[in-house]
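Asker: In this text, residue positions in the sequence shown follow the UniProt record's numbering: the first is 1, and each later residue adds one.
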Amino acid sequence: MSTILRTLRNLGRIGFKEYGHQMQYMGDTKAGTLIATDRYGNKFYENLEELPLRTRWVDFKDKEFDSAQVDEGWHAWLAYMVDAPPTKDKILQAGLRPWELREHRPNMTLSRSAYKPYSTVRPTLEAWTPVAAPR
1 MSTILRTLRN LGRIGFKEYG HQMQYMGDTK AGTLIATDRY GNKFYENLEE
51 LPLRTRWVDF KDKEFDSAQV DEGWHAWLAY MVDAPPTKDK ILQAGLRPWE
101 LREHRPNMTL SRSAYKPYST VRPTLEAWTP VAAPR
């Protein structure tokens, strides 16, 4: 949570529309420079005037965002593993490699479509069903 003075300062910098968007999706207001947009349409920002480890952030394109939609290079930049964004890194500027996916495959964990392995082994634990004696 930010201070009221910082929130008002950011409101003056970004405007009411972006303020409402950030409060709805991030819960905080941030003003910074747009670094780049990735192939999924996510926008990456940086503001070096912020507190440490709060200087970089991503604004997802979709309302129903999935954190797996961030490319590997952008993830490293967001997590402060590298100093230069992938647009300035010569290794990551090679473009789409043959083994990379062309479109995003959503993460299905904790959904009905999640992978469930089939087991042929009898379970070691069984559910207990109480048997009440008649009175």
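By construction, the Cβ of each residue, glycine as well, lies at the ideal position given by its N, Cα and C atoms.
With distance defined between alpha-carbon atoms, name the residue in S113, D71, P117 nearest to F60.
Answerer: Nearest C-alpha to F60: D71.
Asker: According to the neighbour-count rule (16 or more other Cβ atoms, all chains shown, within 10 Å of its Cβ), is A84 buried or exposed?
Answerer: Burial call: exposed.
Asker: If we count Cβ pairs, one from each stretch, closer than 8 Å, do we get three or more for the stretch 77 to 91 versus the stretch 25 to 32?
Answerer: Output reads no: the stretch 25 to 32 does not touch the stretch 77 to 91.
Asker: Identify whether F16 lies in helix, strand or coil by the three-state DSSP scheme.
Answerer: Residue state, collapsed to three classes: helix.
Asker: Closest to K63 by CA distance: which of T7, N47, Y40, V131 is it?
Answerer: Taking only the C-alpha atoms, the option nearest K63 is Y40.
Asker: On the DSSP bridge list, what partners appear for K43?
Answerer: Note: K43 sits in a beta bridge opposite T37, D59.
Asker: So what's N107 in DSSP terms, helix, strand or just coil?
Answerer: Residue state, collapsed to three classes: coil.
Asker: Taking the alpha carbon of L51 as the point to measure from, which residue in T3, F65, G12 has its own alpha carbon closest?
Answerer: Cα-wise, what sits closest to L51 is T3.
Asker: Where does M23 fall in DSSP's three states?
Answerer: Helix, per DSSP.
Asker: Would DSSP call W77 helix, strand or coil?
Answerer: Helix at W77.
Asker: By Cβ distance, which residues of its chain are closer than 6 Å to G32, with the 5 residues on each side in sequence left out?
Answerer: Hits under 6 Å: Y45, E46, N47.
Asker: Apart from the five residues on each side of it in sequence, which residues of its chain come closer than 7 Å, Cβ to Cβ, to H104?
Answerer: If we look at H104 and ignore the five residues flanking it on each side, its Cβ neighbours are Y40, Q69.
Asker: Drop a sphere of 10 angstroms on the beta-carbon of G20, count the other beta-carbons inside from all chains shown, and report buried for 16 or more, exposed for fewer.
Answerer: Classification of G20: exposed, given that the 10 Å Cβ count is below 16.
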